[in-house]
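Chemist:
Protein chains: 4
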Amino acid sequence: MTPIPAAIAEALIAAGHRLDARGWVPATAGNFSMRLGPDRIAVTRSGYHKGFLKPESLMVVDLAGQPENPALRPSAETGLHCGVYRRFPGTGAVLHGHSIANTVLSRAAGPSLTLAGYELLKAFPGLPTHDASAEIPVVDNDQDIARMQAGLEARWDGMGASPPPGYLIRGHGSYIWAADMPGALARFEALEFMLECELATRRSA
Amino acid sequence: MTPIPAAIAEALIAAGHRLDARGWVPATAGNFSMRLGPDRIAVTRSGYHKGFLKPESLMVVDLAGQPENPALRPSAETGLHCGVYRRFPGTGAVLHGHSIANTVLSRAAGPSLTLAGYELLKAFPGLPTHDASAEIPVVDNDQDIARMQAGLEARWDGMGASPPPGYLIRGHGSYIWAADMPGALARFEALEFMLECELATRRSA
Amino acid sequence: MTPIPAAIAEALIAAGHRLDARGWVPATAGNFSMRLGPDRIAVTRSGYHKGFLKPESLMVVDLAGQPENPALRPSAETGLHCGVYRRFPGTGAVLHGHSIANTVLSRAAGPSLTLAGYELLKAFPGLPTHDASAEIPVVDNDQDIARMQAGLEARWDGMGASPPPGYLIRGHGSYIWAADMPGALARFEALEFMLECELATRRSA
Amino acid sequence: MTPIPAAIAEALIAAGHRLDARGWVPATAGNFSMRLGPDRIAVTRSGYHKGFLKPESLMVVDLAGQPENPALRPSAETGLHCGVYRRFPGTGAVLHGHSIANTVLSRAAGPSLTLAGYELLKAFPGLPTHDASAEIPVVDNDQDIARMQAGLEARWDGMGASPPPGYLIRGHGSYIWAADMPGALARFEALEFMLECELATRRSA
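For the record, the sequence lines run as chains H, S, V and W. When you number the first sequence by this note's numbering, it's gap-free, plus one each residue, and the end is 271. When you number the second sequence by this note's numbering, it's gap-free, plus one each residue, and the end is 271. When you number the third sequence by this note's numbering, it's gap-free, plus one each residue, and the end is 271. When you number the fourth sequence by this note's numbering, it's gap-free, plus one each residue, and the end is 271.
1) Is the beta carbon of S/LEU186 sitting closer than 8 Å to the one on S/MET260?
2) By how many angstroms is the C-alpha of S/THR94 removed from the C-alpha of V/ALA252?
3) Roughly how many angstroms separate the alpha carbons of S/ALA227 and H/VAL127, rounded to a whole number?
4) Does the Cβ of S/ARG236 have 16 or more other Cβ atoms within 10 Å, making it buried, or fewer, making it exposed?
5) Do W/GLU264 and W/LEU171 have their C-beta atoms closer together than 8 Å?
6) Within the region 216-262 of chain W, note down every full beta strand (DSSP E) run reaching 3 residues or more, in order along the chain.
7) Here's a check: name, in chain order, each residue in its chain whose Cβ is nearer than 6 Å to the Cβ of S/LEU161, leaving out the five neighbours to either side.
8) Considering H/THR18, what are the terminal residues of the alpha helix (DSSP H) in which it resides?
9) For chain H, find out if any of its Cβ atoms is closer than 8 Å to the Cβ of S/ARG269; answer yes or no.
10) With distances taken Cα to Cα, identify the nearest neighbour of V/GLY183 among V/ALA175, V/GLY176, V/ASP197.
11) So, do the region 129-137 of chain S and the region 216-225 of chain S have three or more beta carbon pairs nearer to each other than 8 Å?
12) Quick one, which of W/LEU138, W/CYS148, W/ARG152 has its alpha-carbon nearest W/TYR114's?
13) Could you work out which residues of chain H lie near W/ARG173, taking near to mean beta carbons separated by less than 9 Å?
14) Report the residue ranges of all alpha helix (DSSP H) runs contained in full by the region 116-153 of chain H; include only those spanning at least 4 residues, in chain order.
15) Cβ of H/THR169 less than 8 Å from any chain S Cβ?
16) Strictly under 8 Å for the Cβ-Cβ distance: is W/PRO248 near chain V by that measure?
17) Ignore the nearest five residues each way along the sequence and tell me which others in S/GLY121's own chain have a CB closer than 6 Å to its CB.
18) Classify V/ALA87 as helix, strand or coil using the three-state DSSP reduction.
19) Mind pulling the chain S residues with CB within less than 8 Å of H/GLY239?
20) Below 8 Å on C-beta distance, what does V/HIS164 contact in chain W?
21) Examine chain V for any beta-carbon lying closer than 8 Å to the beta-carbon of S/ALA212, and answer yes or no.
22) Skipping 5 residues on each side, what residues in its chain have a beta carbon closer than 7 Å to that of H/GLY145?
23) Can you look up H/GLY103 in the DSSP assignment and give me helix, strand or coil?
24) Cα separation between S/GLU262 and S/HIS164?
25) Which of the three DSSP states is assigned to W/GLY163 in this structure?
26) Identify, in the order they occur along the chain, each residue of the same chain with its Cβ nearer than 7 Å to the Cβ of V/LEU119, setting aside the five sequence neighbours on each side.
27) Compute the distance between the beta-carbons of V/THR169 and V/ARG101, then report whether it is under 8 Å.
28) Check the Cβ-Cβ distances between S/GLU255 and every residue of chain H, and say whether any is below 8 Å.
29) Could you give the residue range of the beta strand (DSSP E) that holds V/THR180?
30) Taking 8 Å as the threshold (beta carbon to beta carbon), is W/THR94 in contact with chain H?
31) Establish whether the CB of H/ASN207 and some CB of chain S are separated by less than 8 Å.
32) Which chain H residues are close to S/ALA252, counting only those with a beta carbon under 7 Å from its beta carbon?
33) Please return the same chain residues whose Cβ sits closer than 8 Å to the Cβ of W/PRO69, not counting the five positions on each side in sequence.
34) Within this structure, are the beta carbons of S/ARG173 and V/SER270 separated by less than 8 Å?
35) Per DSSP, which one or two residues make a beta bridge with H/ALA72?
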C-alpha cells in the first residue's frame, strides 16, 4: 500500500481549512487531491466536510480511480481528478470547490466564461500580462462522471495546446490544478476573485 | 433529571460557534437542539447569544416542550423543535438560524421557495442527483408557536411521504434537521448556499 | 481618579474585537463606552483602531464629556455618548460603528428609516413581537458635536416616551445602547442585520 | 547589507495577515513595503502569498528599486513603491492590494473616482471634516512599470500641492501610503470601505 506522506496530508488538510474559511466547501461539497507518484494520487474520501479533514479522511487511488484499499470509498468525482492528472502530466494538485460566484455564473453561462483585462489573469500559465483573456470551459453537470470526463476531453481537444488549468461545472463548482498545492490554491483564489468581480459587475451594471 | 452528556453539549456549543462565524445567529437569535432519548431533547435556553454558549446555556425538555427543571425557561420556539422530533422520529438534531438570504427571500416569497438544478440538492434526502428540485415551505411568522406548528403539520400533510428536512419562517429564519448534528450542519450550509445563490441571481438578473 | 475596573476594560476590548471581525470599525472609526457610575463613563480615546484596543486606549470622562485626566484626549464624538447617558439614565453601554449597510442606507434616507416585519425587531425594547415597526432616526452628519446632539434631543422630544435605542448619522455610522454591553452588542447586531436585509432587498427588487 | 529590523518584518507580516483575512491579497497578489532609511526600503519578494509572509519573504532595495542582494528578485511592482517614497518623502509604509470593489470600480471608471460626503474621508490628510471630497486617480494598467510610474508623476503634477495618498490601477488594485504602517492600514481600510459603499450604492440604485 502506498503511504500518504505527512506533508501531503497536511497540505490537503490545510487547503480544506482555507477554502472552508471562504465558504467554498459548504456541506460535504468539494474534494482535493495531490499526486503521490506516476500512477497514484491521494484524494479525499466521500462524505466528509472538507473544512474538518483528518489524515483518515484521505485515501489512495490509481489514475483510473481504483482504490488501493477496496474497503474505502473515494469521492464520486474522483474520476474528474484522475482525468486531469492523466491529461496534464505536470499536475501535482487538484482542487474542487463550490462558491456563490462560480455557481451563479455557471448556471447563467453558455459553453464558456471569458475573463479579460484582469491583472490576476497572470496567475494562469501562458498569460504574462493582464492584457489578455482566458476562456474558461463551462460543462453541464452530470452524475455520470465518465461521461462528463469524456465531454471535457473533447472540449480540451478543441482548445489547442494549452487549455486553461481549470473549468466550471454548471450549477456545481470549479476544478483547478497546478504543479503543486500552493500553485493550485493561488489559481483557485485568482479564478474566484475574477468570478466575484464579474458577478459584482453584472449587479451594478 | 436527565443529564446532558458532554459530547452533546460540545456539539451544540460548536454548532453555535460555526453559525456565528457566518453571521447566522445575530443578537440572541437562533436556537439548537439534540435528541437525548425517545422523549427528551437538549435545547438552548432563552436569551443567550448562540455564538457564546456554555453548558449552562442548555436545558432538557420533553417532546411536549415541558422543562424537566421548571426553574429554567426554554427558548420560545422550543415548540417548533419538539414538533420536528415528534413528526420525524429519525431526527437527532435541529438547527434554527437567521441569515440575510433566508430573511430577504422568505419576505418576498409566496408559500414556498423552489430550488432546482443545484449540485448541493444532493445534501437533502431522496435527491440522489442535481437534476431535481426541492420545494421548501415558507410559513408566516407568528408569536403563537402552537398555531405556527399546527400550520406546519397541515403543510407537511399535503407534501407526501417525505417533506424536505427544513422550512423557512417569513422574515424570521430557517429550521433544518437531520439524524445527527454533522448532518444538520451540512444541510444548513447547503440550504443557505443555495439561498445565497438565488439572491445573487436575482440581483444580477 | 476613577479607576476603570478590569471587567469593564475587558468588555470594551472584546466589543472591539467582535465589531472589527465584521468590518464595522474600519480605520480608526467607531467608539465605545460603558458607565462607571452616576456621572462617570469609560470611553475609547481618540485615534486608536478599535479592533486592537488595550486598557491604555481607554479613559474616564464625566457626563459633560470632561476628561478626569486633562492630558488625555477623548474621541471627538464623546459628546454623543454623554448625550445618551444623560437622556436615558438606564443606559450602561453605548456602541458606535460604521458599516457598509448603515452608511449606504443613511446616505440615501430621509429623516428616518423604518424597519418592519422582522423577527429581530424583538431585540429592541417595547416590541414584543415581529408584527411591529421601528422608526430609526437618521440625522445629518456634523463636525459640531454639540449641535448634532441638540438636534438629536429635538428629535427625541418629538418621538414620545420611548425613542428607539439607536440612531444613524448620515454617511457616518450608527449609535446603539442598552443597559449593559451584551445588550448593546445584541442590538447592534440586530440593527445591522435588518439594515443588511434592507440593502439586499433594494438590490434584488 | 542593511538588516531588516524584527519590528519592521513583524509589521509587514501582520499587514499581510490582516489584508488576507479580508480577501484583499488573493493568489500571490499585493505587495507591501516600509522605509528603512533615506534610500532603503524593505519590500516583499516576488511570488509569495502575502497572507503567509515570513522574514525570508522580504528583501531590501534602494529607492531606484535596485536589490542590495542581487540574488533576490523583488516584486515586479517595486518601482511603484519606490516612486511613492521618492515623491512623498514623509512616507514610511506603502500597501498594495486587490479587492472586488477596487477592481470592479476601477474597470468602470474614467481617469478618477470621486468620494464625497463620507465620514471616513477624515482618514485622509487635509480633510478635517466629512464635508469634503477626494479625487482618487485611476491609471491604466501597464506591465511597463516605469511607464506607469511616469504617468503617475504627470497626474500628481496636475493635482496641486497635496495629491491624495493613494491611487487605483484599472482592473488591478490600489496603492495607499502613510507615515507609518498603522496609518497606511487605516487609510487602506478607509478607502476600501468607501469603495464598497460606492459599489453597493450602484447596485441598489
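Every residue gets a Cβ at the ideal spot worked out from N, C-alpha and C, and that includes glycine.
Modeler: If we stick to the structure as given:
1) Sequence index remark: in the second sequence, residue 186 of chain S carries index 120 (1-based). Sequence index remark: in the second sequence, residue 260 of chain S carries index 194 (1-based). Cβ atoms of S/LEU186 and S/MET260: closer than 8 Å.
2) Taking the first residue of the third sequence as 1, we reach residue 252 of chain V at position 186. Taking the first residue of the second sequence as 1, we reach residue 94 of chain S at position 28. Distance from the CA of V/ALA252 to the CA of S/THR94, rounded to the nearest whole angstrom, comes to 6 Å.
3) Within the second sequence, numbered from 1, the residue matching residue 227 of chain S stands at position 161. Within the first sequence, numbered from 1, the residue matching residue 127 of chain H stands at position 61. Here the C-alpha atom of S/ALA227 lies approximately 39 Å from the C-alpha atom of H/VAL127.
4) By 1-based counting over the second sequence, the position of residue 236 of chain S is 170. So S/ARG236 ends up on the buried side.
5) Along the fourth sequence, read from residue 1 onward, the residue named residue 264 of chain W stands at position 198. Along the fourth sequence, read from residue 1 onward, the residue named residue 171 of chain W stands at position 105. Cβ atoms of W/GLU264 and W/LEU171: closer than 8 Å.
6) Counting only runs of 3 or more, we get 232-235, 239-244.
7) Numbered from its first residue, the second sequence carries residue 161 of chain S at position 95. Around S/LEU161: PHE98, ILE242, ALA250, PHE254.
8) Here chain H comprises residues numbered 67 to 271, so residue 18 of chain H is not present and cannot be evaluated.
9) Mapped onto the second sequence, residue 269 of chain S falls at position 203. At a cut-off of 8 Å, the C-beta of S/ARG269 has a neighbouring C-beta in chain H.
10) Stepping through the third sequence from its first residue, residue 183 of chain V is reached at position 117. Closest option to V/GLY183, judged by alpha-carbon separation, among V/ALA175, V/GLY176, V/ASP197: V/ASP197.
11) No: fewer than three Cβ pairs fall under 8 Å.
12) Counting from one through the fourth sequence, the residue named residue 114 of chain W turns up at place 48. Selection W/LEU138, W/CYS148, W/ARG152 evaluated against W/TYR114 yields W/LEU138 as nearest (Cα-Cα).
13) The residue you call residue 173 of chain W lines up with position 107 of the fourth sequence. Per Cβ cutoff of 9 Å: GLY183, TYR184, CYS263, THR267.
14) Runs of the alpha helix (DSSP H) inside the region 116-153 of chain H: 144-153.
15) The count along the first sequence starts at 1 and reaches residue 169 of chain H at position 103. At least one chain S Cβ lies under 8 Å of H/THR169.
16) As a working note, residue 248 of chain W is residue 182 in the fourth sequence. So, interface residue.
17) Here residue 121 of chain S corresponds to residue number 55 of the second sequence, with the count starting at 1. With the sequence shown as reference, residue 121 of chain S is identified as Pro, and Gly is not the correct amino acid for it. Closer than 6 Å at Cβ, skipping near neighbours: ALA75.
18) Working through the third sequence from its first residue, we reach residue 87 of chain V at position 21. DSSP, read as helix, strand or coil, puts V/ALA87 in helix.
19) Residue 239 of chain H sits at position 173 when you count from the first residue of the first sequence. Those are GLU185, listed as they occur along chain S.
20) By one-based count along the third sequence, residue 164 of chain V stands at place 98. Chain W residues near V/HIS164: GLU185, LEU186, PHE259.
21) What you label residue 212 of chain S is simply residue 146 of the second sequence in a count that begins at 1. It does not; no Cβ of chain V falls within 8 Å.
22) In the first sequence, the residue the question calls residue 145 of chain H occupies position 79. Residues of the same chain with a CB within less than 7 Å of the CB of H/GLY145, apart from the 5 flanking positions on each side, are GLY131, ILE211, ALA212, GLN215 in chain order.
23) Counting from 1 along the first sequence, the entry for residue 103 of chain H is found at position 37. If DSSP states are grouped into helix, strand and coil, H/GLY103 belongs with the strands.
24) Along the second sequence, one-based indexing puts residue 262 of chain S at 196. Along the second sequence, one-based indexing puts residue 164 of chain S at 98. Their Cα atoms are separated by approximately 13 Å.
25) Counting from 1 along the fourth sequence, the entry for residue 163 of chain W is found at position 97. Collapsing the DSSP output to three states places W/GLY163 in a strand.
26) As a working note, residue 119 of chain V is residue 53 in the third sequence. Within the same chain, V/LEU119 has close Cβ partners LEU78, ILE79, GLY82, THR110.
27) Working through the third sequence from its first residue, we reach residue 169 of chain V at position 103. Working through the third sequence from its first residue, we reach residue 101 of chain V at position 35. Taking 8 Å as the cut-off, the Cβ atoms of V/THR169 and V/ARG101 do not count as close.
28) Here residue 255 of chain S is taken as the residue at index 189 of the second sequence, counted from 1. Interface residue, yes.
29) Against the third sequence, residue 180 of chain V aligns to sequence position 114. Segment 178-182, the beta strand (DSSP E) holding V/THR180.
30) For the purposes of this step, residue 94 of chain W is identified with residue 28 of the fourth sequence, where counting begins at 1. Yes, W/THR94 counts as interfacial toward chain H.
31) Position 141 of the first sequence, counted from the start, is the residue given in the question as residue 207 of chain H. By this cut-off, H/ASN207 is an interface position.
32) Counting from one through the second sequence, the residue named residue 252 of chain S turns up at place 186. The answer, in chain order, is ALA93, THR94, HIS115.
33) Residue numbering aside, residue 69 of chain W sits at position 3 when the fourth sequence is read from its first letter. Excluding five sequence positions before and after W/PRO69, none of the CB atoms of its chain fall closer than 8 Å to its own CB.
34) As a first step, residue 173 of chain S must be located in the second sequence, where it is residue number 107. As a first step, residue 270 of chain V must be located in the third sequence, where it is residue number 204. With contacts defined as CB atoms closer than 8 Å, S/ARG173 and V/SER270 fail to qualify as a contacting pair.
35) Mapped onto the first sequence, residue 72 of chain H falls at position 6. Paired residues: none, contrary to the question.
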